[in-house]
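The sequence shown runs 962 to 1353 under this note's numbering.
Built from N, CA and C at the ideal position, the CB exists for glycine as well.
This structure is a prediction, so every number in the text was calculated from the model and none was measured.
See below for the structure under consideration.
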Amino acid sequence: MNKAKTISSAHASGTQYNTPIAYLRAFIIVLVVAQHAAMPYHIIPPQSNASSLSEYLQSIRAISPVIDEQRSDMLSLFASFNDNFFMALLFLLSGLFVWNSLQRKGRFIYFRERLIRLGLPLAVMVILRPLTYYMTYLQTGGNSGLSDFWQQWSLVEWRGGPIWFIELLLVFDIIVVLAAGMKVNMSGLFKTMQPFQPVKFFMLLVLLSAVAYIPISAIFDSFFWLQVGPAQIQINRLFLYAVYFLAGIFFGAYGIERTFLVPNSKLARRWIIWTVAALVTFLISVIISISSANEILIGFFYIFSCATISFAFLAIFLRFAQRQRRIFDSFFHNSYGVYVIHYGVVSCLSYALLGAQLPAMAKWSIVFTSALVLCWGAVAVIRRIPGVGRVI
962 MNKAKTISSA HASGTQYNTP IAYLRAFIIV LVVAQHAAMP YHIIPPQSNA
1012 SSLSEYLQSI RAISPVIDEQ RSDMLSLFAS FNDNFFMALL FLLSGLFVWN
1062 SLQRKGRFIY FRERLIRLGL PLAVMVILRP LTYYMTYLQT GGNSGLSDFW
1112 QQWSLVEWRG GPIWFIELLL VFDIIVVLAA GMKVNMSGLF KTMQPFQPVK
1162 FFMLLVLLSA VAYIPISAIF DSFFWLQVGP AQIQINRLFL YAVYFLAGIF
1212 FGAYGIERTF LVPNSKLARR WIIWTVAALV TFLISVIISI SSANEILIGF
1262 FYIFSCATIS FAFLAIFLRF AQRQRRIFDS FFHNSYGVYV IHYGVVSCLS
1312 YALLGAQLPA MAKWSIVFTS ALVLCWGAVA VIRRIPGVGR VI
């Protein structure tokens, strides 16, 4: 395999990226857009007669800024599948190049660049967030204009939306920078974690995930989010995401080319096995979550499914995404910006289709494809502004 065909350059920093890994990260952003487009049609939120923004945001319907009366079991299953793995895997991918970047740039420059690359988009997302929930205000009967909306908005807790990922990633980066000053001998850790043996590493990841997730889930359920100003975090998954982020850092420190995260590795060659295992473990986790009241059992199958699906997608992309394609490169370069702006676009499109006499699947298809194309195009244009491309 020609190494040049499996490497693509990062648009912001010049860092070299493994092409399958880069495309997988971009694909997860596509799933994020699809996920948020599916939430208005989820079967969980009950019917509601909320008459104000505040009343709506305090109800279980607030899983999405807009909730349609049309629902879909298939979209709910799709959302559940995504929720089982995609943000944990995104943290792992985000950690892959942290170590080399720190070693190359030093702590100060690395932190300054991360503060710009994460902090500025965070500011944009905070500014855009009221627009997202203005659709909620309209759906709950608000018709008194922007001043009335702002009065109601200022009285409620800010809903996070996708901003939480960037907030937490920035926190993780700060912790890494602070810890980087310590001289750590990682040779023993490399030997223990076996980054060249996918099954052994998988088992260790499941074990660490169980320790990080199951005990705290006995105290906080998935609906509990810690609110600190405009920042939110789902408490029961906090340490799980940290485990995946650290796993990514570990791969990067060991050298990705020496691990199983390369084309033609054992993981890539056995992609069919991992894919079947992912589907089976997900279905088992769904059955367990429905039929059992044992939180430990539910938690174990959740983290087991999370790891299995993550490995399956890694295997699929390592096996099949080895060659660069112009359209995939385009989306990869614009994917971060799509993540930053998509939530408000999805909210507006979902609201626009509330009165349409269409089934939920049709509405989702329209919202998803329209939001993806609009955001992709908008970001591609915005990134032509000098300096913007170095941030998003």
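query	result
Neighbourhood of Leu1129 by C-beta distance below 7 angstroms, restricted to the same chain and skipping five residues each side	Ile1194, Tyr1202
Span of the alpha helix (DSSP H) around Leu1166	1159 to 1178
Nearest residue (CA-CA) to Ala1238, options Val1204, Ile1196, Phe1274	Phe1274
Beta-carbon proximity check, Pro1006 vs Asp1029, cutoff 7 angstroms	no
Alpha carbon of Phe1272 to alpha carbon of Phe1163, nearest angstrom	8 angstroms
Best match in Leu1187, Leu1258, Pro1347, Val1059 for proximity to Ile1136 [C-alpha to C-alpha]	Val1059
Residue burial classification, Ser1246 (beta-carbon count within 10 angstroms, cutoff 16)	buried
Helix, strand or coil at Asn1295 [DSSP, three-state]	helix
Cβ-Cβ separation, Ser1311 to Val1328 (assumed contact under 8 angstroms), whole Å	5 angstroms
Opposing strand residues paired with Val1352 [DSSP bridges]	The partner list for Val1352 (beta bridge, DSSP) is empty, contrary to what the question assumes.
His1303 Cβ short of 6 angstroms to the ligand GTP heavy atom set	Absent from the structure shown: the ligand GTP. Ligands present: none.
Limits of the unbroken alpha helix (DSSP H) element including Val1241	1232 to 1252
Neighbourhood of Asn963 by C-beta, 8 angstroms cutoff - its chain only, sequence neighbours within 5 removed	Note that Asn963 scores a pLDDT of 45, beneath 50, so its modelled location is shaky and nothing firm can be said.
C-beta atoms of Ala1192 and Ala1229 nearer than 7 angstroms	no
Neighbour-count burial assignment, Ile990, 16 or more Cβ in a 10 Å radius	buried
Cβ-Cβ separation, Leu1014 to Tyr1071 (assumed contact under 8 angstroms), whole Å	Wrong, their Cβ atoms sit about 40 angstroms apart, outside the cutoff.
Within 7 angstroms, strictly: CB atoms of Gly1305 and Leu1107	no
Proximal residues to Ser1266 (C-beta, below 8 angstroms), its chain only, five neighbours per side dropped	Asn1045, Phe1046, Ala1239, Thr1242, Phe1243, Ile1245, Ser1246
Presumed contact (8 angstroms Cβ cut-off) between Val1027 and Gln1100, rounded CB distance	6 angstroms
The region 1206 to 1220 in contact with the region 1247 to 1266 per 3-pair CB rule at 8 angstroms	no
Cut-off 8 angstroms between Cβ atoms - residues of its own chain near Pro1091, not counting five sequence neighbours on either side	Phe1110, Trp1111, Trp1114
For Ala971, the three-state DSSP class (helix, strand or coil)	Caution is warranted here: a pLDDT of 42 is assigned to Ala971, below 50, making its placement in the model unreliable, and no coordinate value can be reported.
Cut-off 7 angstroms between Cβ atoms - residues of its own chain near Ala999, not counting five sequence neighbours on either side	Leu1036, Phe1039, Ala1040, Trp1325
Cα-Cα separation, Ala973 to Ala995	Any reading at Ala973 must be qualified, since the residue scores a pLDDT of 40, below 50, and its modelled position is unreliable; no value is offered.
Inter-residue Cα distance where the pair is Phe1206 and Ala1332	28 angstroms
Contact set for Leu1053: own chain, Cβ-Cβ below 6 angstroms, skip 5 residues either direction	Tyr1205, Ala1208, Gly1209
Beta-carbon spacing of Ser1012, Ala1321 below 7 angstroms	no
Unbroken stretches of the alpha helix (DSSP H), 4 residues or longer, contained in the region 995 to 1066	1014 to 1018, 1034 to 1044, 1047 to 1056, 1059 to 1066
Endpoints, alpha helix (DSSP H) assigned at Gln1188	From DSSP, Gln1188 is part of no alpha helix (DSSP H) but of the beta strand (DSSP E) over 1186 to 1189.
As assigned by DSSP and simplified to three states, the class of Gly1213	helix
Three-way DSSP call (helix, strand, coil) for Cys1336 in this model	helix
Cβ-based neighbour list, Phe1133, same chain, cut-off 6 angstroms, excluding 5 preceding and 5 following	Phe1206
Where Gln1283 falls: helix, strand or coil (DSSP)	coil
Nearest candidate by alpha-carbon position, reference Met1143, set Tyr1174, Leu1187, Phe1200, Arg1068	Arg1068
Of the residues Gln1283, Met1096, Ala1084, the one placed nearest Ala1313, counting alpha carbons only	Met1096
Separation of Ile1127 from Val1079, as counted between CA atoms	The amino acid at residue 1079 is misidentified as Val; the sequence shows Leu. Between Leu1079 and Ile1127, the C-alpha separation is close to 6 angstroms.
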